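See below for the structure under consideration.
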Amino acid sequence: MGKRSIIPYGPQHPVLPEPIHIDLVIEDERIIEAIPSVGFIHRGLESLVDKRDFNQLVYVVERTCGICSFQHGMGYCEAVESVFGVEIPDRAKFLRTIWSEMSRIHSHLLWLGLLADGFGYENLFYQCWRIRERVLDLIELTTGGRVIFSVNKIGGVLKDIPEDQLRHILSELDAIEADLNVIKKTFIEDYTVQSRLRGIGILTREQAHDLGCAGPVARASGIKADMRKRGYDAYPHLDFEPIVSNAGDSYARCYCRLMEVFQSIDLIRQAIGKIPGESDLSVAIKGNPDGEAFFRCEQPRGEAVYYVKGSGKTFLDRFRVRTPTFANLPGLCEMLAGAELSDVGLLVITIDPCISCTER
Amino acid sequence: MANIKRSPWLLHYDGSSCNGCDIEVLACLTPVYDAERFGVMNTGDPMQADILLITGGINTQNQEVVKQLYDQMPRPKVVCAVGVCACTGGVFKDCYNILGGADTVIPVDIYVPGCAARPQAIIDGIVQAVELFQKRSEEHDALVKNKGKEAS
Ligand code: SF4
């Protein structure tokens, strides 16, 4: 038996874009146990409910996380809308879907780049981010913002995408898809990539299920869970199947996310094809929220749950969000136990951690 | 910009940001914006860094970390706060766990506004930081030289 020691990992670490601290208990080069400690980015965002009214809170909730900011704002709005019992106009639903899928593409490309950097392919990292900029340009064109776009409001959306911009999106998507096909080859077929990812950090279906993993991490372990199938917004009108892989290793997680980028492109195309003609973008909201509601949606990283409770005042009583990374952290600890020390950076990246979301 | 003679190392630390500014800082280093053409280079090692880019406000948990990072950096050094969170606390100013902007614990030289700060603004901040770093290094060199003269 080797000697045990504890290696602190983080909070400031070259491979980590965000601060998280993990204590790694190691024996020789093998990890016995991983103990995460969080709280470096805790802001106390949920406590702002008694300082900002429910309309202003949209902009605060959006800043839970800069990567999936649109879906955070959307999730909160939909929860409040169901407290009011209003149905938003169809066009607004489609617009929300289009923006959601755009942010999924940009989030997954960001992750693919970080992963490429994790296994030492710097050029691939830059290629992913180069393609991502094209998506960001589309987002900027349609909303005015690059990462935080503030187009949600309670009862609908604030901006419309006119016909010519929709056509431009379609032609850009073709170009993005062509670029993606080039990098896809490297991610899927390259020998070095496979040797770094295959069989590393296996999470079995049972483990993923028992630990309550969400999103691509669960799907890569063979759990067919995708909240979009629950049918909110325009998703009931769109035709898609969750992308599932059974291997449960890092390669499967990479595969799922890569294929989801193509799926999102397809979903945007379908949504643009079916979007109803120009109409009102929002419905009027009267009074203050009274009651409580849950809303579940699929973010790039998995299922997020929003809870709001109001009692007829302009300020909500409680707002709560459960983010996907929080659900995936136990899975990460499971993967880390038994892994090689040199794989730690890569494994942390494979769950696509978003610490800002988790700690709020 | 014309008389830049040094290539400073850049250290990026995420305070309690929402990530929006972080990914914009990263985007600045990638080909489309490519801040590295101004001679800066990203590093993960505070002991080597000359310019600290900090995003997000300061909270009770990370204040010691930020202070420590700053102290670890060799002199002369420049601090650039990116995004309104790092400047003043931003949207999270009233949160119970936020103490304020980065300047509550370390001296900040350059403030880059925006929520999220746009890459163009961040690059402008980096360029100013590079110039300031150049100035400080010259002063530092002169000081060292004078000291040497006094001693001899
Ligand atoms: S300034 Fe805005 S985008 Fe930047 S970290 Fe703060 S909330 Fe996020």
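From first to last, the protein sequence lines stand for chains A and B. Just so we're aligned, residue 1203 is where the first sequence starts under my numbering, counting upward by one. Just so we're aligned, residue -9 is where the second sequence starts under my numbering, counting upward by one. The C-beta atom is built at its ideal place from N, Cα and C for all residues, glycine as well. If you're wondering where the values come from, they're calculated on a predicted model, not measured in any experiment.
Going by C-alpha positions, Q110 (chain B) is about 8 Å away from Y23 (chain B).
In the three-state scheme derived from DSSP, where H, G and I count as helix and E and B as strand, K1386 (chain A) is classed as helix. Residues of chain A with a Cβ closer than 9 Å to the Cβ of G91 (chain B) do not exist, since the nearest Cβ in that chain sits about 13 Å away. Annotation for A1281 (chain A): A1495, F1497, Y1508, V1510 place their beta carbon closer than 6 Å to its own, counting only its chain and skipping 5 residues before and after. The closest CA to that of I1233 (chain A), considering only A:I1209, A:P1291, A:P1444, is found on A:I1209.
Remark: the C-beta of G46 (chain B) is in contact range of the ligand SF4, defined as less than 6 Å to any heavy atom. When 8 Å is used as the limit between beta carbons, E1374 (chain A) is near no residue of chain B, the shortest such separation being about 15 Å. Secondary structure of E1480 (chain A) (DSSP, three-state): coil. In this chain, the alpha helix (DSSP H) harbouring P1532 (chain A) covers 1526 to 1538. Under DSSP, the beta-bridge partners assigned to R1232 (chain A) are A:E1229, A:E1542. Taking non-hydrogen atoms of the ligand SF4 into account, the C-beta of A1420 (chain A) is found less than 6 Å away from none of them. Contact between the segment 1401 to 1412 of chain A and the segment 1354 to 1369 of chain A is absent: fewer than 3 CB-CB pairs across the two stretches fall below 8 Å.
A buried status is given to D1319 (chain A), since no fewer than 16 other beta-carbon atoms sit within 10 Å of its beta-carbon. For A1495 (chain A), the enclosing beta strand (DSSP E) has its first and last residue at 1492 to 1501.
Counting only residues of its own chain and dropping the five nearest sequence neighbours on each side, V1523 (chain A) has a CB closer than 6 Å to the CB of Y1508. Taking a Cβ-Cβ cut-off of 8 Å, G1322 (chain A) has no neighbours in chain B, whose nearest Cβ is about 15 Å from it. Around the beta carbon of L133 (chain B), fewer than 16 other beta carbons lie within 10 angstroms, which makes this residue exposed. By the C-beta density criterion, H130 (chain B) is exposed, having fewer than 16 other C-beta atoms within 10 angstroms.
In the three-state DSSP reduction, P1210 (chain A) falls in the strand class (E or B).
Within the same chain, Cβ atoms closer than 8 Å to the Cβ of L1368 (chain A) are found at I1474, I1477, the five residues on either side in sequence being excluded. DSSP places I88 (chain B) in the uninterrupted beta strand (DSSP E) bounded by 88 to 90.
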